[in-house]
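Contents: one structure, followed by commentary.
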Amino acid sequence: MKFSSSCFLRIFLFALLFFPCFGFSFSAFNLKGEEPELLSLFRKAYPDIQFKSEYNAFAGDWKILLSLEDRTAEFFWADGMFLPESEIENKNLYNSFLYKYDFALHDPADFTEEDIEKIRQFSSTENRTSVKGTPPFFYDFVYDCKTRVSLEQHIKKIPFLGKRSNAHERLREPLAKVEKEILESSKSDAEVKNFLDTLLSADSYSWRNISDSGNRSFHSLGVALDLLPRGWKQKNVYWAWRRDIDGDNWMRLPLERRWMPPQKVIEIFENNGFLWGGKWVIWDNMHFEYRPEVILFSRLRNKKNQ
Numbered sequence: 001m002k003f004s005s006s007c008f009l010r011i012f013l014f015a016l017l018f019f020p021c022f023g024f025s026f027s028a029f030n031l032k033g034e035e036p037e038l039l040s041l042f043r044k045a046y047p048d049i050q051f052k053s054e055y056n057a058f059a060g061d062w063k064i065l066l067s068l069e070d071r072t073a074e075f076f077w078a079d080g081m082f083l084p085e086s087e088i089e090n091k092n093l094y095n096s097f098l099y100k101y102d103f104a105l106h107d108p109a110d111f112t113e114e115d116i117e118k119i120r121q122f123s124s125t126e127n128r129t130s131v132k133g134t135p136p137f138f139y140d141f142v143y144d145c146k147t148r149v150s151l152e153q154h155i156k157k158i159p160f161l162g163k164r165s166n167a168h169e170r171l172r173e174p175l176a177k178v179e180k181e182i183l184e185s186s187k188s189d190a191e192v193k194n195f196l197d198t199l200l201s202a203d204s205y206s207w208r209n210i211s212d213s214g215n216r217s218f219h220s221l222g223v224a225l226d227l228l229p230r231g232w233k234q235k236n237v238y239w240a241w242r243r244d245i246d247g248d249n250w251m252r253l254p255l256e257r258r259w260m261p262p263q264k265v266i267e268i269f270e271n272n273g274f275l276w277g278g279k280w281v282i283w284d285n286m287h288f289e290y291r292p293e294v295i296l297f298s299r300l301r302n303k304k305n306q
């Protein structure tokens with residue numbers, strides 16, 4: 001029996017339409033070419049996790065298969081949101097957790113009145129209670145934190161700068177690197193040494209939502225760290241505490257009146273995958289958050305914009 005080229009073409013096109021209905025994908029000869037470029041950032045940020053991608057023609061998106069030790073998960077790329085199939089229809093409820101982190105401080109001296117009003121609106125309770133959330137599914141897998149019970153199996157006492165912090169066990173290595181570099185820097189940098197001498201606490205795990213929000217805090221994953229100095233109650237450390245004093249003008253507070261870790265300490269944290277909350281418009285100067293993929297993404301954006 002002989003088949004014409006047109007017959008083979010009809011069979012091929014039929015397969016493209018039919019097989020995805022049964023969950024088949026065409027990773028071997030997909031029509032999309034290479035996988036999403038930004039997926040490489042996640043491989044670099046989480047080197048112990050295996051990321052396998054295959055294009056799903058039926059969904060019109062890349063399926064990402066994750067493996068970590070004896071656990072696996074399956075997501076769709078969904079513009080970098082890592083959504084399970086059941087959440088694809090709710091995609092508009094989430095923000096991408098890849099965003100451009102500003103390595104430069106926002107200086108109130110440069111704010112226009114329009115900037116001030118935008119910050120007021122952004123920081124309002126009404127906005128914060130209705131804002132889109134960070135999709136939790138990728139982090140639920142990475143940190144095994146879908147429930148409090150599952151997460152707390154991974155919360156360990158981790159020594160850091162002379163303190164002991166309850167944090168996720170995955171932070172043990174990055175915090176050890178940060179500590180080593182800070183201690184080395186303190187030998188020649190008086191500002192860093194004073195920071196260490198006056199450090200009161202380094203707290204991490206707390207199962208809770210972000211203030212004025214229904215979204216989970218990264219403290220509830222055990223991957224955020226609050227560093228407080230002695231006498232912190234008399235210092236300007238957190239935007240919302242300043243708001244309680246100065247109402248709608250809290251964002252006008254000059255940088256020099258805010259408590260800040262030394263620039264060298266901030267750089268060491270950032271170089272090891274941590275965001276510093278002092279660089280957010282609604283600043284949280286005690287807060288460091290382990291988000292290596294965001295640091296990598298932001299540096300890539302900066303490089304492309306040069």
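In this text, residue positions in the sequence shown follow full-length UniProt numbering: the first is 1, and each later residue adds one. Positions of the beta carbon are idealized from the N, C-alpha and C atoms, including for glycine. The structure displayed is predicted, hence computed values, not measured ones.
By alpha-carbon distance to Asn-285, the top candidate from Asn-271, Arg-291, Asp-248, Asp-226 is Asp-226.
With contacts defined as CB atoms closer than 7 Å, Ser-204 and Ala-240 fail to qualify as a contacting pair. In this structure Arg-148 is exposed. Its beta-carbon is surrounded by fewer than 16 other beta-carbon atoms within 10 angstroms. Restricting attention to Pro-36, Gln-153, Glu-34, Leu-41, the CA atom closest to the CA of Glu-293 is found in Leu-41. If you keep only unbroken beta strand (DSSP E) runs of at least 3 residues inside the region 180-245, you get 199-203, 224-229. Here DSSP, grouped into helix, strand and coil, assigns Arg-301 to helix. Put simply, the region 130-148 touches the region 88-99. At least three CB pairs are less than 8 Å apart.
In the DSSP assignment, Trp-276 forms a beta bridge with Phe-288. Here Gly-273 really is in contact with Pro-174; their C-beta atoms are around 6 Å apart, less than 8 Å. In the structure shown, Gln-50 falls within a strand segment according to DSSP collapsed to helix, strand and coil.
With a contact defined as Cβ atoms closer than 8 Å, Arg-252 and Pro-84 miss out at about 43 Å. Linking Thr-129 to Phe-122 through their CA atoms gives a straight-line distance of about 11 Å. The distance from the Cβ of Leu-38 to that of Phe-297 is about 7 Å, consistent with a contact at the 8 Å cut-off.
The Cβ atoms of Ala-202 and Phe-160 lie closer than 7 Å to each other.
Counting along the chain, Ser-124 sits inside no beta strand (DSSP E), nor does DSSP assign it H or E at all. Straight through space, the alpha carbons of Ile-88 and Trp-232 are spaced by roughly 44 Å. In chain order, Leu-39, Phe-42, Arg-43, Ile-64, Leu-66 place their CB closer than 7 Å to the CB of Phe-51, counting only its own chain and leaving out the 5 sequence neighbours on each side. A residue is called buried once 16 or more other Cβ atoms fall within 10 Å of its Cβ, and Glu-289 is buried on that count.
Counting every other CB atom within 10 Å of its CB across the protein chains shown gives Asn-236 a total of 16 or more, marking it as buried. Assigned with DSSP and collapsed to three states, Phe-138 falls in helix. Closest option to Ser-186, judged by alpha-carbon separation, among Asp-197, Gly-60, Glu-126: Asp-197. The closest CA to that of Asp-212, considering only Lys-180, Ser-53, Phe-75, Ser-124, is found on Ser-124. Leu-253 sits in coil when the DSSP states are folded into three classes, being neither helix nor strand.
In this structure, the beta-carbon distance from Lys-264 to Val-192 falls below 7 Å.
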